[in-house]
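For the sequence shown, numbering that gives the first Met the number 0 gives the first residue as 0, with consecutive numbering after it.
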Amino acid sequence: MKFEVKNRLKPCAALSIAIMLIALVLTLMGHGMNLGVDFTGGTIMTYNMGQTFAVSDIEAVLEQNGITDAQIAQTGDEGTQVQIRISDKNNTDDLRDALETELSKTYPNMAYVDISRVGAVAGRDLINNAIKSVSFAAVLMLLYIAVRFDFYSGLAAVIGLLHDVAIMISFVVILSDVIRVETTFIAALLTIVGYSINNTIIIFDRIRENSHKSGVRTKSREEIVNISVAESLTRTLNTTITTLLTIVTLYVLGVDSIRQFALPLIIGIVAGTYSANLINGYVWAGLMDLRTQRKQAKA
0 MKFEVKNRLK PCAALSIAIM LIALVLTLMG HGMNLGVDFT GGTIMTYNMG QTFAVSDIEA
60 VLEQNGITDA QIAQTGDEGT QVQIRISDKN NTDDLRDALE TELSKTYPNM AYVDISRVGA
120 VAGRDLINNA IKSVSFAAVL MLLYIAVRFD FYSGLAAVIG LLHDVAIMIS FVVILSDVIR
180 VETTFIAALL TIVGYSINNT IIIFDRIREN SHKSGVRTKS REEIVNISVA ESLTRTLNTT
240 ITTLLTIVTL YVLGVDSIRQ FALPLIIGIV AGTYSANLIN GYVWAGLMDL RTQRKQAKA
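Here you go:
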């Protein structure tokens, strides 16, 4: 199947900038990311329910006590233990009494195991490590792509990578009522770094091949990008749709902790596909044309 592809860099860049500005305004207005216990600090309560249990039963008791942002995880070798993470804004003593009173009616063998405190410093360390990881990966990718292709390909790829990360974070701010930032968000962010650069390299590899074809190399760089994106589009769409089907299924059928991982991942995959096909190649073409103009001006 052949697709007609044209340069849509300006409207696409405008759309991305608008999304980032909306997120920035919301953050300045105090409606930033919805940070979980790992980033704000809180309490972890662990119970052995004495049998397999339904997470919905625990969620119901928490909601009765006005808690809707708790993180619930099923643990233990037999899946009979539960970890409940709540933020500092909730009264732990009252909640513990309510949980034990209500849940013991359904699970008479439940027993208290442990209660521990989580400091916000752990979340800060995670964020710092994630920033360092993305920065280090970006530098290595720039070097690798510069060697394999050219410096401007590497620069365009890194710009696209930072774009995808920024779009993902922006949507986390915009959808703060739906997405809670937990440790799984860091995992999703780092996953998108790899997924995004893979799509970009495939496009750049096709651009390099077409730049040496006798019937194509005489065309402008923008036209070469159009041809290369069109030739790769079927493969890109098939890969993206297949990946999204799996992750959307996880989001629909998974528990809350899985959904908090899956939704940012879905956003990142869509952003990565969007930038690889509509932004990165044209950024490369623009940078290369600018370099040519500078050389001609000097000559």
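For every residue, glycine included, the Cβ atom is placed at its ideal position computed from N, Cα and C.
Residue i, DSSP secondary structure in three states
{"i": "T242", "result": "helix"}
{"i": "D149", "result": "coil"}
{"i": "I43", "result": "strand"}
{"i": "Q50", "result": "coil"}
{"i": "R179", "result": "strand"}
{"i": "A59", "result": "helix"}
{"i": "T74", "result": "strand"}
Proximity to residue i [Cα-Cα], best of the options
{"i": "A145", "options": "F170, T233, I200", "result": "I200"}
{"i": "I257", "options": "Y111, V180, S103", "result": "V180"}
{"i": "E58", "options": "V254, S132, R220", "result": "V254"}
{"i": "T182", "options": "I158, I226, Q259, Q292", "result": "Q259"}
{"i": "S169", "options": "A17, K9, L244", "result": "A17"}
{"i": "V36", "options": "V54, E62, R116", "result": "R116"}
{"i": "N47", "options": "R7, A110, A12", "result": "A110"}
{"i": "V177", "options": "Y250, T217, I185, I206", "result": "Y250"}
{"i": "E221", "options": "N279, Q295, E62", "result": "N279"}
{"i": "V81", "options": "N127, L264, D56, Q63", "result": "D56"}
{"i": "I166", "options": "Q63, K9, L142, L20", "result": "L20"}
{"i": "K5", "options": "S219, L264, E101, L289", "result": "S219"}
C-beta atoms of residue i and residue j nearer than 8 angstroms
{"i": "S274", "j": "D149", "result": "no"}
{"i": "T45", "j": "D96", "result": "no"}
{"i": "A187", "j": "G271", "result": "no"}
{"i": "T51", "j": "T79", "result": "yes"}
{"i": "A284", "j": "V228", "result": "no"}
{"i": "V172", "j": "T26", "result": "yes"}
{"i": "L98", "j": "I85", "result": "no"}
{"i": "I300", "j": "S231", "result": "Residue numbering for the chain in the displayed model covers 0 to 298; residue 300 lies beyond these limits and cannot be assessed."}
{"i": "A129", "j": "L189", "result": "yes"}
{"i": "Y151", "j": "L286", "result": "yes"}
{"i": "C11", "j": "L277", "result": "yes"}
{"i": "V60", "j": "I71", "result": "no"}
{"i": "I196", "j": "L160", "result": "yes"}
{"i": "I185", "j": "L252", "result": "no"}
Assigned exposure category for residue i - 16 Cβ within 10 Å defines buried
{"i": "V192", "result": "buried"}
{"i": "A156", "result": "buried"}
{"i": "G153", "result": "buried"}
{"i": "P107", "result": "exposed"}
{"i": "F135", "result": "exposed"}
{"i": "I83", "result": "buried"}
{"i": "R147", "result": "exposed"}
{"i": "M140", "result": "buried"}
{"i": "R234", "result": "exposed"}
{"i": "S213", "result": "exposed"}
If you scan the segment 98-128 from start to end, which runs of the beta strand (DSSP E) of 3 or more residues do you find wholly inside it?
110-117
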